[in-house]
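**Q**
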Amino acid sequence: GQNIDQPTEMTATEGAIVQINCTYQTSGFNGLFWYQQHAGEAPTFLSYNVLDGLEEKGRFSSFLSRSKGYSYLLLKELQMKDSASYLCAFTGGGNKLTFGTGTQLKVEL
Amino acid sequence: DVKVTQSSRYLVKRTGEKVFLECVQDMDHENMFWYRQDPGLGLRLIYFSYDVKMKEKGDIPEGYSVSREKKERFSLILESASTNQTSMYLCASSLRGRNTEAFFGQGTRLTVV
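Here the protein sequences line up with chains A and B, keeping their order. Anchor point for the first sequence: position 95 equals 95 in our numbering, and the numbering is continuous, going up by one each time. For any residue, its number in our numbering is found by taking its place in the second sequence, counting from 1, and adding 1000.
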């Protein structure tokens, strides 16, 4: 079947670096997405990885290892506004987009 | 900017009612999705559509149906609403292809009493 695992909650300090891990299992895999969702708002796209390696986008980077079924989202120079839920998702067979349960990140002073 | 609009932000319905949730996107996207989001369970896919009149079941289709008569509109139907369908419903759309960014609507908070 299909499955995604990510930690439920994480806490980090303003200005620090945090890594949010995601592991997945699926019989068909096309790409791995990360979305950010602030409380009461819709998810917004952050990044996606199709090939193995690191994709950098400003303070945010995302890494994928297809052979290990593993991805992480790296947030640098954390700001208070980065407090949000971070959702890992993959596209498997067809156009289906499957999400994990999300990691609630709390950034503290 | 891509805009995905859901017809209602908040909705209260009675058990047994037939409920329609509407979603419209203005960017000519082929793919459209309906999810529900519950605490601790994340976003779960109910149905998706990759073209007009085409639909595929997601992970939790029971108790729901969908309609896509026009490319820009994707409707979610609760045939007979039940209290366990109280949830946040999110619509999304994306371009054809498996690795294209999905854009979400603001969500409909449905309460079934």
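C-beta atoms are modelled at their ideal positions from N, C-alpha and C, and glycine is treated no differently. This structure is a prediction, so every number in the text was calculated from the model and none was measured.
With 16 other CB atoms within 10 Å as the buried threshold, where does Arg-1068(B) fall?
**A** Classification for Arg-1068(B): buried.
**Q** Specify, as a first and last residue, the run of the beta strand (DSSP E) that Gln-1006(B) falls within.
**A** Here the beta strand (DSSP E) through Gln-1006(B) covers 1004-1006.
**Q** What is the DSSP secondary structure of Gln-1085(B), counted as helix, strand or coil?
**A** In the structure shown, Gln-1085(B) sits in a helix (DSSP, three-state: H, G or I).
**Q** Select from Arg-1044(B), Ser-1094(B), Leu-1110(B) and Thr-1111(B) the residue whose C-alpha is nearest the C-alpha of Phe-1116(B).
**A** Because chain B in this structure spans residues 1001 to 1113, residue 1116(B) falls outside the shown range and cannot be described.
**Q** Residues in the region 37-56 of chain A with C-beta within 7 Å of chain B's C-beta atoms, listed in sequence order?
**A** Answer in chain order: Ala-42, Pro-43, Phe-45, Tyr-48 and Val-50.
**Q** Can you name the residues of chain A whose CB is closer than 7 Å to the CB of Leu-1011(B)?
**A** Under the 7 Å cutoff, chain A gives no residues; its nearest Cβ is about 16 Å from Leu-1011(B).
**Q** I need the straight-line Cα distance from Tyr-1047(B) to Cys-22(A), nearest angstrom please.
**A** Their Cα atoms are separated by approximately 24 Å.
**Q** As a quick exercise: from Gly-1040(B), Met-1027(B) and Glu-1017(B), pick the residue whose alpha carbon is nearest that of Leu-87(A).
**A** Nearest C-alpha to Leu-87(A): Gly-1040(B).
**Q** For the region 54-68 of chain A and the region 97-105 of chain A, state whether three or more C-beta atom pairs, one from each stretch, are separated by less than 8 Å.
**A** Contact fails: fewer than three Cβ-Cβ distances are below 8 Å.
**Q** Three or more beta-carbon pairs under 8 Å between the region 1079-1089 of chain B and the region 1014-1029 of chain B, yes or no?
**A** With the cut-off at 8 Å, the region 1079-1089 of chain B and the region 1014-1029 of chain B touch.
**Q** Alpha carbon to alpha carbon, how far is Leu-78(A) from His-38(A)?
**A** Each residue's alpha carbon lies about 15 Å from the other.
**Q** Please report how far the alpha carbon of Thr-1100(B) lies from the alpha carbon of Ala-1092(B), in whole angstroms.
**A** Each residue's alpha carbon lies about 12 Å from the other.
**Q** Round the Cβ separation of Thr-1108(B) and Leu-1043(B) to the nearest angstrom and send it over; I've been treating them as touching at under 8 Å.
**A** About 14 Å separates the two Cβ atoms, so there is no contact after all.
**Q** Strictly under 9 Å for the Cβ-Cβ distance: is Tyr-1064(B) near chain A by that measure?
**A** No, its Cβ sits nowhere closer than 9 Å to a Cβ of chain A.
**Q** Roughly how many angstroms separate the alpha carbons of Arg-1096(B) and Asp-1051(B), rounded to a whole number?
**A** The straight-line gap from Cα to Cα measures roughly 9 Å.
**Q** Do Leu-110(A) and Ile-20(A) have their CB atoms nearer than 9 Å?
**A** Lying before the first or after the last residue shown, residue 110(A) is absent from chain A, which here runs from 1 to 109.
**Q** In chain order, what residues of the region 1096-1107 of chain B put their CB closer than 7 Å to some CB of chain A?
**A** So the close ones are Arg-1098, Asn-1099, Glu-1101, Ala-1102, Phe-1104, Gly-1105, Gln-1106 and Gly-1107.
**Q** In this structure, what does DSSP give as the bridge partners for Arg-1109(B)?
**A** Tyr-1010(B) and Met-1088(B).
**Q** Over the uninterrupted beta strand (DSSP E) stretch that includes Val-1019(B), give me the two end residues.
**A** Val-1019(B) -> beta strand (DSSP E) spans 1019-1025.
**Q** State the Cα-Cα distance for the pair Val-50(A) and Ile-4(A), rounded to the nearest angstrom.
**A** Going by the C-alpha atoms only, they are around 16 Å apart.
**Q** Quick check: what's the CA-CA separation for Pro-7(A) versus Val-18(A)?
**A** Cα to Cα, Pro-7(A) sits roughly 13 Å from Val-18(A).
**Q** Using beta carbons (cut-off 9 Å, strictly below), is Tyr-1089(B) in contact with chain E?
**A** Absent from the structure is chain E; the protein chains it does hold are A and B.
**Q** Work out the CA separation of Ser-27(A) and Tyr-1089(B) for me, nearest whole Å.
**A** Taking the straight line from one Cα to the other gives about 27 Å.
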